[in-house]
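Student: I have a structure I would like to understand better, so I am pasting it below and will then ask my questions one at a time.
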Amino acid sequence: MDVLKPVYTEQNDCQDCYKCIRECTLKAIKVVNNSAQILHNDCIYCGTCTQICPVNAKKVRDDVKRVKKMILRGERIVVSVAPSFVTEFPNLKDEQFIAALKELGFAEVSETALGAQEVSKQVSSYVDQGENGVYISSACPSIVEMICKHYPAFKDNITPFLSPLLTHAKYLKQKFPDSKVVFIGPCIAKKAESDEFPNLLDASLTFTDLKNWLEEENLDPYLFPEIQENNSFIPGKAGRGILYPIDGGMIMGMKENVTATDAVYMTFSGIGNIKNVLSDLNKYRKTNKLFLELLACEGGCVNGPGAEKEYSTAIKRLEVINKLDSEEAVVLNTDFSIQRDFDSISPIPKYEHSENSIKEALTMIGKYSEKDEINCGGCGYNSCREFAEAYLEDRSEPNMCVSYMRKIAQDKSSALLRKIPSGVVIVNDELKIIEANQSFAGILGEEIEEVYQTIPGLVDADLKKIIPFHKLFASALSTGVDNLERDIKHGNKMLHVSVFSIHKNKIVGAIVRDMSQPYIQREEVVNRAKTVNRKNLETVQKIAYLLGENASETEEMLNSIVEFYKPVE
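Residues in the sequence shown are numbered consecutively from 5, following the numbering used here.
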């Protein structure tokens, strides 16, 4: 269990539903011993799996304890807070929010949007001076990971600059050299950034982390005074950088810095949409400068995995826009470089599988021809072939295939039914046969045996037309009893019928035994002798108990009479 990674699996909670594989667009998950484990070399930490896991087995690393230890050690901590805090704490004054953070032990609070403004300025200049071609924003760490790992052909198209957070963190480290920098926002991938750049970012918390911490300390930001001195963002409020968490927010900031450029600006959000954008991007003929603002979360960072989703994206977007106050905005005067490369992020290996290898893998799950490939998606993969490829790469297991496991279960049950000497039949609430073995048909006579040869298992046969004692089954279905046993005369045979409930009021099964068979007679004599003996023993025990109890009561009564008539001395 990789608890030190930004996202990990709680193995004991994983329930073999494969929903995380189904929802993970990049299939960065491997099943090991029926537990879905994250492939960290493939993962981009978008957080989708943490949001859709029905049993909460996918966990986000909690860095609150780490930050608390910093505070207990007396270290000075400056917070870089994401601009989307306005959607997490609607109608909360800046002063109230800052006061609550300081109550937790933070020294100062600054807006990450200041770093976004610096990135916009430098990227605008870079695009303006560059040649025609594709430029991809480096603002979203998940997208940077996605391109470097899964689409390395476009790695050189990423603008070579630090993300807004790392730019802001670098500024804070320069301004407060003896301080720690902690990020608070909606993004899980920022935890990966703190792991990769510990010299700039000491820890990263999600808004969920913050809210849990505030609740633990019994602090409500809305109860702090709205007007306070010395509780303002340092070095001041951000301007257009606060638009970064919404679709097109970076482009809005860039256009303000552009003097003259023929660039075309586009924005896309959501991993699926971005995959479509990148799939044919190499066909672009470079007739213009095409700048792509790509965000992993649909609708932007306001819908990040570490954010609440209690209201619509439209309202969140509006709240961010309404927060913009360009008159009070400050601009960072940086004298340091924010350029970077992405060589530390390695592309994942791409495997080429031969057709024979894929066919061999498919046979492992009972797929012997194309008609067997039903592509149901139950395993989490889009097709049986994709599942087979994952199996060849040791990322999946045969028992993930629902149809394969169902076939195995059916084959086992059919084998067991064939081996059982007694007749076995299973019927539904319409008294239609679901399954029956040959012994059942044989007990009922040659005519039914011939039908069994034509229709194996007597599937869908009407029980009412086969046996005269079908009312016994109807009774078991209507009452829902667990076990109903009867001795029934059928032709020249004496049958012992045991009806039991499989799905209450829906499906019942029965074991039918021909009592005229020698081995059945011996078995039945022994069983019934044991039953009589057990019942006799129970009766004797009850009699002994009653006699003992009665003797005790009689003794008490006689003693009381003796005491009553005893002469007084």
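Think of the CB as a built atom: it goes at the ideal place given N, C-alpha and C, for glycine as much as any other residue.
Computed from a predicted model, the values in this text were never measured in an experiment.
Which two residues bound the contiguous beta strand (DSSP E) that contains Lys63?
Tutor: Counting along the chain, the beta strand (DSSP E) containing Lys63 begins and ends at Lys62 to Val64.
Student: Under 8 Å by Cβ, that's how I've got Leu488 and Ala480 pegged, so tell me the actual separation to the nearest angstrom.
Tutor: That pair is a contact at about 5 Å.
Student: What's the gap between the Cα of Ser435 and the Cα of Ile492?
Tutor: According to the sequence provided, residue 435 is Leu. The question's Ser does not apply to it. Those two C-alpha atoms are separated by around 19 Å.
Student: Just how far apart, CA to CA, sit Ala61 and Ile188?
Tutor: For Ala61 and Ile188, the distance between alpha carbons rounds to 23 Å.
Student: Quick one: give me the first and last residue of the alpha helix (DSSP H) that Asp213 is part of.
Tutor: Taken as a continuous stretch (DSSP letters only), the alpha helix (DSSP H) holding Asp213 covers Phe211 to Glu220.
Student: Between the Cα of Ser373 and the Cα atoms of Glu359, Ala440 and Leu218, which residue gives the shortest distance?
Tutor: Ser373 has its Cα closest to that of Glu359, out of Glu359, Ala440 and Leu218.
Student: Relative to the C-alpha of Glu312, which candidate in Ile42, Cys21, Val35 and Gln55 has its C-alpha closest?
Tutor: That would be Gln55, whose Cα lies nearest to the Cα of Glu312.
Student: In or out: Ala300 buried (at least 16 other Cβ within 10 Å) or exposed?
Tutor: Buried, since its Cβ has 16 or more Cβ neighbours within 10 Å.
Student: What did DSSP end up calling His507 once you bin it into helix, strand or coil?
Tutor: DSSP places His507 in strand when its eight states are reduced to three.
Student: In this structure, how does DSSP classify Gly495 when only helix, strand and coil are distinguished?
Tutor: Gly495 falls in the coil class under three-state DSSP.
Student: Pick out the complete alpha helix (DSSP H) segments inside the segment 269-335, 4 residues or longer, and give them in chain order.
Tutor: Runs of the alpha helix (DSSP H) inside the segment 269-335: 275-283 and 317-326.
Student: Would you call the CB atoms of Ile447 and Gly427 closer than 8 Å?
Tutor: Yes, these two residues count as a Cβ contact at 8 Å.
Student: When the Cα atoms are used, what is the spatial distance from Ile378 to Ser208?
Tutor: In a straight line, the C-alpha of Ile378 is about 44 Å away from that of Ser208.
Student: Excluding sequence positions up to five away, which residues of its chain have a Cβ less than 6 Å from the Cβ of Gln19?
Tutor: The answer, listed in chain order, is Val59.
Student: Could you give the DSSP three-state label for Tyr248: helix, strand or coil?
Tutor: Note: Tyr248 maps to coil in three-state DSSP.
Student: Let me make sure I understand the geometry here. Which of Pro225, Lys469, Ile250 and Lys508 has the alpha-carbon closest to that of Thr317?
Tutor: Checked all of Pro225, Lys469, Ile250 and Lys508; the closest Cα to Thr317 is Ile250.
Student: Quick check: what's the CA-CA separation for Val127 versus Leu43?
Tutor: Distance between the alpha carbons of Val127 and Leu43: 32 Å.
Student: Can you give the Cα-Cα distance for Asn441 and Gln414, rounded to whole angstroms?
Tutor: If you take the alpha carbons of Asn441 and Gln414, they lie about 13 Å apart.
Student: Which same chain residues, not among the five before or five after Ile484, have their C-beta less than 8 Å away from its C-beta?
Tutor: In the sequence on display, residue 484 carries Gly and not Ile. Closer than 8 Å at Cβ, skipping near neighbours: Ser505, Lys508 and Asn509.
Student: If you draw a straight line from the C-alpha of Ile547 to the C-alpha of Gly495, how long is it?
Tutor: Residue placement at Ile547 is poorly supported in this model, since its pLDDT is 47, which falls under 50; the coordinates still yield a value, given next. Computed Cα separation, rounded: 43 Å.
Student: Can you tell me whether DSSP reads Gln19 as helix, strand or coil?
Tutor: Coil, per DSSP.
Student: Are the Cβ atoms of Glu297 and Ser141 separated by less than 8 Å?
Tutor: Contact: yes.
Student: When you compare only the Cα positions, how much space is there between Lys34 and Asn386?
Tutor: Looking at the two C-alpha atoms, the distance is approximately 15 Å.
Student: So the candidates are Asp160, Pro156, Pro351 and Ile102; which of them puts its Cα closest to the Cα of Tyr139?
Tutor: For the residues Asp160, Pro156, Pro351 and Ile102, the minimum Cα distance to Tyr139 belongs to Asp160.
Student: Among Thr271, Trp217 and Met409, whose alpha-carbon lies nearest the alpha-carbon of Val1?
Tutor: Because the chain here runs from 5 to 573, residue 1 falls outside it and cannot be looked at.
Student: Per DSSP, Leu476 forms a beta bridge with which residues?
Tutor: None; Leu476 has no bridge partner.
Student: Terminal residues of the continuous beta strand (DSSP E) containing Lys184?
Tutor: Start and end: Lys184 to Gly189.
Student: Check whether the segment 14-31 and the segment 165-173 are in contact - that is, three or more C-beta pairs closer than 8 Å.
Tutor: They do not touch, by the three-pair rule.
Student: Could you give the residue range of the alpha helix (DSSP H) that holds Tyr175?
Tutor: It spans Pro168 to Lys179 - the alpha helix (DSSP H) in which Tyr175 sits, taken as one unbroken run.
Student: Start and end of the alpha helix (DSSP H) containing Lys468?
Tutor: No alpha helix (DSSP H) contains Lys468, which DSSP labels as neither H nor E.
Student: If distances are taken between C-alpha atoms only, which option among Ser124, Gly513 and Lys177 comes closest to Ile255?
Tutor: It is Ser124.
Student: Quick one: Cα of Ile437 to Cα of Ile352, how far?
Tutor: Using only the alpha carbons, I get a separation of about 53 Å.
Student: Using DSSP bridges, identify the partner residues of Tyr12.
Tutor: Partner(s): Lys63.
Student: Which residue's Cα is closest to the Cα of Ile342: Gln178, Val71 and Val516?
Tutor: Measuring from the Cα of Ile342, the nearest candidate turns out to be Gln178.
Student: Among Cys152, Ala32, Lys72 and Cys21, which has the Cα closest to the Cα of Ser348?
Tutor: Selected option, being the one with the closest Cα: Cys152.
Student: Can you tell me where the beta strand (DSSP E) with Ile438 in it begins and where it stops?
Tutor: Element bounds for Ile438: Ile437 to Ala440.
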